[in-house]
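Below: the structure, in C-alpha cells.
Protein chains: 2
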Amino acid sequence: MFPMETTTNNTLLQLQNAKLASRKLAKATFDKKNQVLELIAHELLSSKDLILSANEKDIELGQKNNLSVALLDRLLINEKRLNGMAQGIHKVIAQDDPCGKILSSWKHPTGMSIQKITVPLGVICVIYEARPNVTTDAVALAIKSGNAIILRGSQHALHTNQAIVNVIHNALHKSSLNKDIVQFISNKEREETIKILEAVNYVDLVIPRGGEDLKNFVLKYSKIPVIGAGGGTCHLFIDETASEDMALNIAVNAKTQRPGVCNAIETILIHKNIAGTILPNLEKVLKEKNVELIGCDKTQKIISVKPASEEDWHKEYLDLKVSIKIIDSLNDAIDHINKYGTKHSEAIITQDKNNAKTFQEEVDAACVYVNASTRFTDGEEFGFGSEIGISTQKLHARGPIALNELVTYKYLIDGEGQVRK
Amino acid sequence: MFPMETTTNNTLLQLQNAKLASRKLAKATFDKKNQVLELIAHELLSSKDLILSANEKDIELGQKNNLSVALLDRLLINEKRLNGMAQGIHKVIAQDDPCGKILSSWKHPTGMSIQKITVPLGVICVIYEARPNVTTDAVALAIKSGNAIILRGSQHALHTNQAIVNVIHNALHKSSLNKDIVQFISNKEREETIKILEAVNYVDLVIPRGGEDLKNFVLKYSKIPVIGAGGGTCHLFIDETASEDMALNIAVNAKTQRPGVCNAIETILIHKNIAGTILPNLEKVLKEKNVELIGCDKTQKIISVKPASEEDWHKEYLDLKVSIKIIDSLNDAIDHINKYGTKHSEAIITQDKNNAKTFQEEVDAACVYVNASTRFTDGEEFGFGSEIGISTQKLHARGPIALNELVTYKYLIDGEGQVRK
Numbered sequence: 001m002f003p004m005e006t007t008t009n010n011t012l013l014q015l016q017n018a019k020l021a022s023r024k025l026a027k028a029t030f031d032k033k034n035q036v037l038e039l040i041a042h043e044l045l046s047s048k049d050l051i052l053s054a055n056e057k058d059i060e061l062g063q064k065n066n067l068s069v070a071l072l073d074r075l076l077i078n079e080k081r082l083n084g085m086a087q088g089i090h091k092v093i094a095q096d097d098p099c100g101k102i103l104s105s106w107k108h109p110t111g112m113s114i115q116k117i118t119v120p121l122g123v124i125c126v127i128y129e130a131r132p133n134v135t136t137d138a139v140a141l142a143i144k145s146g147n148a149i150i151l152r153g154s155q156h157a158l159h160t161n162q163a164i165v166n167v168i169h170n171a172l173h174k175s176s177l178n179k180d181i182v183q184f185i186s187n188k189e190r191e192e193t194i195k196i197l198e199a200v201n202y203v204d205l206v207i208p209r210g211g212e213d214l215k216n217f218v219l220k221y222s223k224i225p226v227i228g229a230g231g232g233t234c235h236l237f238i239d240e241t242a243s244e245d246m247a248l249n250i251a252v253n254a255k256t257q258r259p260g261v262c263n264a265i266e267t268i269l270i271h272k273n274i275a276g277t278i279l280p281n282l283e284k285v286l287k288e289k290n291v292e293l294i295g296c297d298k299t300q301k302i303i304s305v306k307p308a309s310e311e312d313w314h315k316e317y318l319d320l321k322v323s324i325k326i327i328d329s330l331n332d333a334i335d336h337i338n339k340y341g342t343k344h345s346e347a348i349i350t351q352d353k354n355n356a357k358t359f360q361e362e363v364d365a366a367c368v369y370v371n372a373s374t375r376f377t378d379g380e381e382f383g384f385g386s387e388i389g390i391s392t393q394k395l396h397a398r399g400p401i402a403l404n405e406l407v408t409y410k411y412l413i414d415g416e417g418q419v420r421k
Numbered sequence: 422m423f424p425m426e427t428t429t430n431n432t433l434l435q436l437q438n439a440k441l442a443s444r445k446l447a448k449a450t451f452d453k454k455n456q457v458l459e460l461i462a463h464e465l466l467s468s469k470d471l472i473l474s475a476n477e478k479d480i481e482l483g484q485k486n487n488l489s490v491a492l493l494d495r496l497l498i499n500e501k502r503l504n505g506m507a508q509g510i511h512k513v514i515a516q517d518d519p520c521g522k523i524l525s526s527w528k529h530p531t532g533m534s535i536q537k538i539t540v541p542l543g544v545i546c547v548i549y550e551a552r553p554n555v556t557t558d559a560v561a562l563a564i565k566s567g568n569a570i571i572l573r574g575s576q577h578a579l580h581t582n583q584a585i586v587n588v589i590h591n592a593l594h595k596s597s598l599n600k601d602i603v604q605f606i607s608n609k610e611r612e613e614t615i616k617i618l619e620a621v622n623y624v625d626l627v628i629p630r631g632g633e634d635l636k637n638f639v640l641k642y643s644k645i646p647v648i649g650a651g652g653g654t655c656h657l658f659i660d661e662t663a664s665e666d667m668a669l670n671i672a673v674n675a676k677t678q679r680p681g682v683c684n685a686i687e688t689i690l691i692h693k694n695i696a697g698t699i700l701p702n703l704e705k706v707l708k709e710k711n712v713e714l715i716g717c718d719k720t721q722k723i724i725s726v727k728p729a730s731e732e733d734w735h736k737e738y739l740d741l742k743v744s745i746k747i748i749d750s751l752n753d754a755i756d757h758i759n760k761y762g763t764k765h766s767e768a769i770i771t772q773d774k775n776n777a778k779t780f781q782e783e784v785d786a787a788c789v790y791v792n793a794s795t796r797f798t799d800g801e802e803f804g805f806g807s808e809i810g811i812s813t814q815k816l817h818a819r820g821p822i823a824l825n826e827l828v829t830y831k832y833l834i835d836g837e838g839q840v841r842k
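Sequence order for the protein chains is H and G.
Using the numbering used here, you'd call the opening residue of the first sequence number 1 and step up by one each time.
Using the numbering used here, you'd call the opening residue of the second sequence number 422 and step up by one each time.
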C-alpha cells in the first residue's frame, strides 16, 4: 500500500528532504519527467472520487466559516475543473525541456571549453490562496523544470490539497522519482510560513501567488529571493490616428472580458485630436457593458462622468470601472503610463508606425501591445503551457512566469590542467 | 566651458534626472554608445594630470587618516593604472550590444506577432569601496547596456571619483548624450545611501561592490532588487584518478596566484585512495609558497598540520591558508561542497569522465571546473569585457556580472485589432 500520511509537523525536515531529493531530480531526463507527469495526470482523474469528496469537506467548512461566494467558487472542484487540471499538466508535458539548454559555448584562449547551460533552481516554494488548481499547476511546472517544490496552500483548501498531494505522491511512488520532491506543508501556523521564508539553505525561490496582502507578507519576511506577481494598472492609449472601430472593440475587450484580472485595463488615455469624436461612442459601448466611467477635466466637458482624482490614476479597480484621460501627445501618454503604470501590460491603438515603435520602445512594461488587447498577457496565451503568475519585476522573470523562468544557469568549464598566469 | 560642478546635495533629484534621461539613453544605437565610450577613454587619458592630482589629495588624506597599506594601494592611481582603466573601457567597446537581441519570436494563433527582446534595466546604482577603477568600469558597462548609472563611491576616493566623473561628464557634453545618465552622489551621509536604496521608482537595480559589511548593509536597507557579489569559499577536489602533477599545479595556482580574491580556493578535498601518496607532495609545494595548512583527523595522520574545526570548512581565508579534508567518495566530496561552499567556483581533478560529469551536474555553483583552476572565474577571462562582480545567487545573474546581466527583456506584441475570446 502507498503511504497516505504525507505530511509532518517538522517543516524544516521537509525542506531538507526536498533539497536532498532535488539533486537527483535535476538529473532526470526529459522523457522521465514527462512520464511522471503523464502518470500524475492519469492518477488525478482516476482518483476523482477521493478528490471531489475531500473538496466537499472544504466547501462545507468554508460555508460554515462564511467564506464569500467568490472565494467558495475558486475553492470548488467539480469534474470539469478536475479535467481542466489534468489538461493543464498535459500542456506542460507538451513543452520543451527548459533544462540542459546550451545558452552559449566557446573556447578560452588556453583551450578550455566553457559552456553556459540551463539548470534547475533547486527547490521552489509556492505560497498560494484557496485555488486547488495551483497545486497541480505548480507541481507540473516544478517537475518539468527539474525543481523540488514546497507547497504552502490556504487552510481553506487543506483537505483538497492534501488529497491532490496524496495522489501525486502515489504517482511518484509508482515512478522511480523520490516523493520528497513534492512537500506539502499542512501546519496552519503563520510561524511555519515564516520558518520557510528564512530557510535560505534549503529553498532557492519563493513565489507568492495571490493578492497584495499575501505578496506583501512574503516580501516582508522572506530572506529567500522572491518573484511576485505584481498588480496590473494597465492602460490603453488611443492615438489620434487610431481606427475607431478597433479602439472601441479593444477597449471593451480589455476592460470587460474579465475585469477581475491583472491584465485588464484600468485607464484609457485618448489623444485630444480624436477625443471629441470617439468619446461619446466609447461611453456608449462601455455603458452597454455596465462599466462605470470617471474622467479628467477635459473628459468631463465631452461626456457626463464623475471626476477622476489623482489617486484614481494609480488604482487597479479589478472591476467594471475605468478612468479616462485626454492627453496632448504620444509623449504625454508614455509619461503617464511610466508614472502610474505597474510595468505589466500596456497598449496603443494607432495607424502611425513611428508612434507604435516609440510607444514600444519607451513604455517600461513587461508586455507592450500595438493594436491588440492587453488581455493576451498570459502564459498559456503566449504558448508557455501553465504559468504561475505574471511578474512585473525586471530581474530574472518578466511577464509570464513559466518553465523558462524556473531555471537558472551554470558555467561548465573543461580543461586539461589550465592555470591562470 | 564645461560645467565642472557636477554634484548636488539633492540626491532624490539626481535619481529622478537619471530616470528621465534613461528613457532616451535606452534608444541610443550601438555605434552611438561606442562613440561615447571612445570619447570617455580618450578624455580620461588626456585629463591625466587632473585625475592624478585629485588622487594625490585622496592619498594624502588617507595617510592622515591612517588607512591601511592595502587600502591605500587600491585607492592609488598612477599612469599605468589610468591606462588600464582606459583599456578596460576599450574592452567594453569591443563587446556586442546586449540590447535589442531577439531572444525569441513567434506568431500567436490569432496572427499577432510576439517578440521577446532584450532592453536596458533603466537605472543602475553601484555602491562601492575605495577603488576608483570601479567608477570607469561601471560607467562603461552601464552606457554600453543602455542604463543610466548612480555612482556611490567611498568617501576615501571622493576627489578622485569626482575628477573622473567630471571627465566623463565633459565627454558626454561633447557627445549628444545627456550627462544626467551618470550621477555621482558625493554627500557622505549614510542616510543618503539609504535614501537611494529606498527609491524604487527611480532605481531598478543596486549592485554593492565590496566586502561583506557593505553587501550586508545594502541587503538590509534596499527595497530595490540587489545583485550582490557573494563570498567565495571555493574547493578543489582531487579525485582518486587525478594526475598528480596536474593536481599539485592547479592547487598551487588556485590557492596562491592571488590569495585575496573570491575565486581562490579555501579547501582541498582529497580522495582517500590517493591521499597517502599526494599529501606529502602537496604539503611540500604549498609550503614552498608559504601556505599554512590545516586538516581533518585523517590528514593529520599523514602530514603534520594543525586540526581544522567545523568552522574552518565554512571559512573564506582570503589569505595563504588552506584547509584539507580526506573524503571517501565523489559523493562525499559533492556533499561537502554543497554544504560548505558558497556556490561560486568549484573544481575536480580527475581522469574519470563519469566522475567529471557527475561533479559538474551535482555541484551547485556558478562555475564548475574539470581539470582547471578556479581562478578563471572572471568576466574578463570569460571574454565578457569588464565585470562588476561575481554573483553567487541564482536569479537573473550567476557568475560574472557583465553586460548581458545588466539588461532585462520585454515582450513586444503587434496585432491588427486582436481581442481575447
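Virtual Cβ for every residue (Gly too), placed ideally from N, Cα, C.
Give me, in chain order, the residues of the same chain whose beta-carbon lies closer than 8 Å to that of residue i; leave out the 5 immediate sequence neighbours on both sides.
i: LEU72(H); result: ILE59, GLY62 and GLN63
i: CYS380(H); result: Residue identity differs from the one stated: residue 380(H) is Glu in this sequence, not Cys. Taken in chain order, the residues that qualify are LYS91, SER386 and GLU387.
i: LEU248(H); result: ILE278, ASN281, LEU282 and VAL285
i: ASN78(H); result: LEU52
Assuming residue i and residue j form a contact by the criterion Cβ under 8 Å, report the distance between their Cβ atoms to the nearest whole angstrom.
i: VAL92(H); j: ALA140(H); result: 4 Å
i: ALA251(H); j: LEU282(H); result: 6 Å
i: ILE40(H); j: ILE168(H); result: 5 Å
i: TRP106(H); j: GLY804(G); result: 7 Å
i: LEU816(G); j: HIS396(H); result: 4 Å
i: ASN253(H); j: ARG375(H); result: 6 Å
By DSSP, does residue i sit in helix, in strand, or in coil?
i: SER730(G); result: coil
i: ILE617(G); result: helix
i: GLU191(H); result: helix
i: ASN684(G); result: coil
i: ASN371(H); result: strand
i: ARG398(H); result: coil
i: PRO629(G); result: strand
i: LEU493(G); result: helix
i: GLN839(G); result: strand
i: ILE589(G); result: helix
i: LEU403(H); result: helix
i: SER391(H); result: strand
i: GLN604(G); result: strand
i: ILE691(G); result: strand
For residue i, which beta-bridge partners are listed by DSSP?
i: VAL119(H); result: THR408(H)
i: VAL322(H); result: LEU293(H)
i: LYS445(G); result: BP columns for LYS445(G) are empty, so no partner.
i: LYS107(H); result: SER113(H)
i: ARG152(H); result: ILE127(H)
i: SER345(H); result: CYS367(H)
Does the beta-carbon distance from residue i to residue j come in below 8 Å?
i: GLY295(H); j: ILE324(H); result: yes
i: ALA507(G); j: LEU465(G); result: yes
i: HIS656(G); j: THR688(G); result: yes
i: ARG81(H); j: ASN133(H); result: yes
i: ALA28(H); j: GLY111(H); result: no
i: LYS708(G); j: ILE747(G); result: no
i: SER345(H); j: VAL840(G); result: no
i: ALA771(G); j: ALA663(G); result: According to the sequence displayed, residue 771(G) carries Thr and not Ala. Contact flag set, yes.
Excluding five sequence neighbours on each side, which residues of the same chain lie with their C-beta closer than 7 Å to the C-beta of residue i?
i: ASP364(H); result: ASN338 and LYS343
i: THR614(G); result: ILE548 and ARG573
i: ILE114(H); result: SER105, TRP106, HIS108, TYR411 and ILE413
i: THR392(H); result: GLY230, THR342, LYS343, HIS344 and ALA366
Counting only C-beta atoms, is residue i closer than 8 Å to chain B at any point?
i: TRP313(H); result: Absent from the structure: chain B. Protein chains present are H and G.
Keeping to the same chain, check which residues put their C-beta closer than 6 Å to that of residue i; ignore five residues upstream and five downstream.
i: GLU550(G); result: SER575 and GLY631
i: ASN776(G); result: ASP660 and LEU751
Check whether the Cβ of residue i sits closer than 7 Å to any heavy atom of the ligand HEM, and report yes or no.
i: LYS394(H); result: This structure simply doesn't include the ligand HEM, nor any ligand for that matter.
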